[in-house]
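K.L.:
Below is one structure. I have some questions about it.
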Amino acid sequence: MNTSRRSFLAAAVGGASVAATIADARGADSPAQGKDGFARPSQMKLGLVTYNLAKDWDVPTIIQRCSKARFDGVELRTTHKHGVEVTLTAAQRAEVRKRFADSPVELFSLGSAFDYHTPDASKLRRDIEDTKAYLQLARDVGASGIKVRPNDLPAGVPEERTLAQIGRSLRELGETAASLGLVVRLEVHGSKTSSLPRIRRILDEANHKAVGACWNSNQTDLDGDGLESNFNLVRDRIVEVHLRDLFLSEYPFRHLFKLLMASGYRGYTLAEIPESADPVRVMQYFRGMWLAYQGLL
Numbered sequence: 001m002n003t004s005r006r007s008f009l010a011a012a013v014g015g016a017s018v019a020a021t022i023a024d025a026r027g028a029d030s031p032a033q034g035k036d037g038f039a040r041p042s043q044m045k046l047g048l049v050t051y052n053l054a055k056d057w058d059v060p061t062i063i064q065r066c067s068k069a070r071f072d073g074v075e076l077r078t079t080h081k082h083g084v085e086v087t088l089t090a091a092q093r094a095e096v097r098k099r100f101a102d103s104p105v106e107l108f109s110l111g112s113a114f115d116y117h118t119p120d121a122s123k124l125r126r127d128i129e130d131t132k133a134y135l136q137l138a139r140d141v142g143a144s145g146i147k148v149r150p151n152d153l154p155a156g157v158p159e160e161r162t163l164a165q166i167g168r169s170l171r172e173l174g175e176t177a178a179s180l181g182l183v184v185r186l187e188v189h190g191s192k193t194s195s196l197p198r199i200r201r202i203l204d205e206a207n208h209k210a211v212g213a214c215w216n217s218n219q220t221d222l223d224g225d226g227l228e229s230n231f232n233l234v235r236d237r238i239v240e241v242h243l244r245d246l247f248l249s250e251y252p253f254r255h256l257f258k259l260l261m262a263s264g265y266r267g268y269t270l271a272e273i274p275e276s277a278d279p280v281r282v283m284q285y286f287r288g289m290w291l292a293y294q295g296l297l
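Under the working numbering, think of the first position of the sequence shown as 1, with each following residue one higher.
Below is the structure:
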């Protein structure tokens with residue numbers, strides 16, 4: 001399927017049938033990058049997570065700086081200065097949507113802090129319903145989905161029960177997401193739940209085409225039989241990738257890029273990096289390493 005950003009937004013506005021399945025999220029063509037010196041185009045897209053580098057930027061600043069650094073898109077993490085929250089009015093949501101649609105920067109995703117591991121049934125129901133409201137926000141502002149996460153395994157509760165509960169919650173949210181033409185992206189997150197076998201268990205329990213995994217470049221990716229084994233557990237379900245600073249020698253980023261490219265992944269890889277006094281220059285260096293790790297520069 002060959003879907004441009006603008007045609008996807010137009011389809012969403014028109015209430016077209018669900019296109020944001022796992023296959024679509026993994027296989028959409030990258031935007032044309034144009035002439036770029038000696039660099040060759042990537043099969044993937046480069047984006048920015050507003051946590052932490054851009055946490056104090058408003059929407060115009062995000063668009064301006066991402067454009068200057070040649071980043072394709074952004075994930076807006078909740079509670080940050082951009083202010084894209086469920087409290088926005090319909091007119092304000094339309095304005096956010098228009099700002100991104102009129103720019104070269106895609107509003108790829110909204111990043112929430114919902115996690116669904118609580119043993120409190122009433123809180124779990126509130127969290128699920130609040131996530132549905134967040135999905136509607138994503139639809140209104142033109143994002144293609146939201147990021148959620150697991151965050152813990154509560155003491156005194158059997159592990160399998162918690163993992164199944166998270167998975168069932170995601171299945172329900174997948175139904176809502178599919179009805180809106182969106183994807184739910186489960187971040188590989190949490191001190192215990194960042195284990196890839198546990199993430200796979202959650203995804204299997206969810207068992208929904210609109211629920212995928214957000215690879216998070218954690219050190220726990222190297223546990224057990226190592227990176228490739230853990231990657232292969234979710235290889236077919238990855239719909240988003242978060243990247244830490246690419247200079248970190250503690251993590252095999254070049255190997256990760258090879259695995260992503262070999263898997264046919266064509267979605268977003270997003271920089272989730274610390275604040276800087278010279279953010280655009282840091283983003284430009286990040287993009288250079290991002291291209292180099294793919295053998296494109």
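Backbone N, C-alpha and C define an ideal beta-carbon position, used for all residues, glycine too.
Counting along the chain, where does the beta strand (DSSP E) carrying Glu106 start and finish?
P.N.:
Translated into the one-based positions of the sequence shown, residue 106 becomes position 106. Run containing Glu106: 106-111, per the beta strand (DSSP E) assignment.
K.L.:
Assuming the contact rule is C-beta atoms closer than 8 Å, Thr131 and Val148 should be a hit. Round their C-beta distance to whole Å, please.
P.N.:
Here residue 131 is taken as the residue at index 131 of the sequence shown, counted from 1. Here residue 148 is taken as the residue at index 148 of the sequence shown, counted from 1. Correct: roughly 7 Å between the Cβ atoms.
K.L.:
Applying the criterion that 16 or more other CB atoms from any shown protein chain within 10 Å of the CB defines a buried residue, is Ala271 buried or exposed?
P.N.:
What you label residue 271 is simply residue 271 of the sequence shown in a count that begins at 1. Burial call: buried.
K.L.:
Rounded to whole angstroms, how far is the Cβ of Arg235 from the Cβ of Ser263, which I believe are closer than 8 Å?
P.N.:
If you number the sequence shown from 1, residue 235 lands on position 235. If you number the sequence shown from 1, residue 263 lands on position 263. Between Ser263 and Arg235 the Cβ distance is about 5 Å, and since that is below 8 Å, they are a contact.
K.L.:
For my contact list, Ala177 and Ala210 are in at a C-beta cut-off of 8 Å; report their separation, rounded to the angstrom.
P.N.:
Mapped onto the sequence shown, residue 177 falls at position 177. Mapped onto the sequence shown, residue 210 falls at position 210. Rounded, the Cβ-Cβ distance is 4 Å, consistent with contact.
K.L.:
Mind pulling the beta strand (DSSP E) runs of 3 or more residues that sit fully within the region 224-283?
P.N.:
Correct list: 238-243, 268-271.
K.L.:
Can Arg99 and Ile146 be called in contact, C-beta distance under 9 Å?
P.N.:
By one-based count along the sequence shown, residue 99 stands at place 99. By one-based count along the sequence shown, residue 146 stands at place 146. Cβ distance not < 9 Å, so Arg99 and Ile146 don't count as in contact.
K.L.:
Do you know offhand how far Val180's Cα is from Arg77's?
P.N.:
Residue numbering aside, residue 180 sits at position 180 when the sequence shown is read from its first letter. Residue numbering aside, residue 77 sits at position 77 when the sequence shown is read from its first letter. Note that residue 180 corresponds to Leu in the displayed sequence, not to Val. Their backbone Cα atoms lie some 20 Å apart in a straight line.
K.L.:
Applying the criterion that 16 or more other CB atoms from any shown protein chain within 10 Å of the CB defines a buried residue, is Gln294 buried or exposed?
P.N.:
Counting from one through the sequence shown, the residue named residue 294 turns up at place 294. Burial is judged here by how many other beta carbons sit within 10 angstroms of a residue's own beta carbon; Gln294 has at least 16 and is buried.
K.L.:
Just the C-alpha distance for His80 and Ser112, rounded to the nearest angstrom, thanks.
P.N.:
In the sequence shown, the residue the question calls residue 80 occupies position 80. In the sequence shown, the residue the question calls residue 112 occupies position 112. Cα to Cα, the separation comes out at about 11 Å.
K.L.:
Going straight from the alpha carbon of Asp102 to that of Tyr51, what length do you get?
P.N.:
Taking the sequence shown and counting its residues from 1, the one referred to as residue 102 is at position 102. Taking the sequence shown and counting its residues from 1, the one referred to as residue 51 is at position 51. Those two C-alpha atoms are separated by around 24 Å.
K.L.:
Mind checking Ala248: buried by the 16 CB within 10 Å criterion, or exposed?
P.N.:
Taking the first residue of the sequence shown as 1, we reach residue 248 at position 248. Here residue 248 turns out to be Leu, not Ala, going by the sequence shown. Exposed is the call here.
K.L.:
Under a three-way DSSP split, which group does Val84 fall into?
P.N.:
In the sequence shown, the residue the question calls residue 84 occupies position 84. The answer is coil: DSSP assigns Val84 none of H, G, I, E or B.
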